[in-house]
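Presented below is the structure to which this report refers.
Numbering (my numbering), first residue to last: 852 to 1038.
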């Protein structure tokens, strides 16, 4: 392996120290691929075209495209892939929430972005996934639903009440009691 001598110049000592740390990281971790011009939008579309179809159905890949194009890329698509930082991801999430999107929608929008950025890490395009350090919004606005099943006595009373009813109603009640479908499936 030939040795490569790289030089950089800096105007301040702080900038020189930053450049030194960056070069040391390249030596320790290996260099990033030299494509500084690729944007987040370009990378996400490339990921949707080439990688996502290997692991997802065409309908899911279509959903990834739609989600990225409508939620993620208007906020983050213009950034260079290497410039994308955790603060940008946090700002993107906060902007979606501020625009009235549900926290579940924000998590759904973030999913293909994070997958595309994970692939960028594996391809040595970026060192870390900025999504990995930004917590997902908790879906704390869910209303807790309690499941209530009928007791044996309640079920028996319901059967007794429908004993003299029309046959189709009795069959409907018996189906509900014996098969245990969800309330929405019965109605």
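Glycine included, each C-beta is placed from N, C-alpha and C at the ideal position.
DSSP three-state assignment for residue i, whether helix, strand or coil
{"i": "residue 931", "result": "strand"}
{"i": "residue 890", "result": "strand"}
{"i": "residue 1015", "result": "coil"}
{"i": "residue 957", "result": "helix"}
{"i": "residue 1001", "result": "coil"}
{"i": "residue 936", "result": "coil"}
{"i": "residue 1024", "result": "helix"}
{"i": "residue 923", "result": "helix"}
{"i": "residue 978", "result": "coil"}
{"i": "residue 907", "result": "coil"}
{"i": "residue 918", "result": "helix"}
Local Cβ density within 10 Å of residue i, reported as buried at 16 or more and exposed below that
{"i": "residue 868", "result": "exposed"}
{"i": "residue 871", "result": "exposed"}
{"i": "residue 957", "result": "buried"}
{"i": "residue 977", "result": "buried"}
Inter-residue Cα distance where the pair is residue i and residue j
{"i": "residue 1035", "j": "residue 1028", "result": "14 Å"}
{"i": "residue 981", "j": "residue 963", "result": "13 Å"}
{"i": "residue 950", "j": "residue 1015", "result": "56 Å"}
{"i": "residue 899", "j": "residue 865", "result": "40 Å"}
{"i": "residue 910", "j": "residue 919", "result": "14 Å"}
{"i": "residue 1021", "j": "residue 999", "result": "21 Å"}
{"i": "residue 930", "j": "residue 936", "result": "10 Å"}
{"i": "residue 971", "j": "residue 987", "result": "20 Å"}
{"i": "residue 927", "j": "residue 939", "result": "7 Å"}
{"i": "residue 916", "j": "residue 1009", "result": "50 Å"}
{"i": "residue 894", "j": "residue 913", "result": "16 Å"}
{"i": "residue 1001", "j": "residue 1007", "result": "9 Å"}
{"i": "residue 1003", "j": "residue 1013", "result": "16 Å"}
{"i": "residue 968", "j": "residue 863", "result": "32 Å"}
{"i": "residue 896", "j": "residue 954", "result": "24 Å"}
{"i": "residue 1019", "j": "residue 902", "result": "53 Å"}
Contact check, residue i vs residue j, beta carbons under 8 Å
{"i": "residue 966", "j": "residue 947", "result": "no"}
{"i": "residue 932", "j": "residue 984", "result": "no"}
Practice task
Count the C-beta pairs between the segment 941 to 961 and the segment 894 to 908 that are closer than 8 Å, then say yes if the count reaches three, no if not.
Solution key: no
Problem - Stretch pair the segment 922 to 932 + the segment 983 to 991: three plus CB contacts closer than 8 Å - result: no
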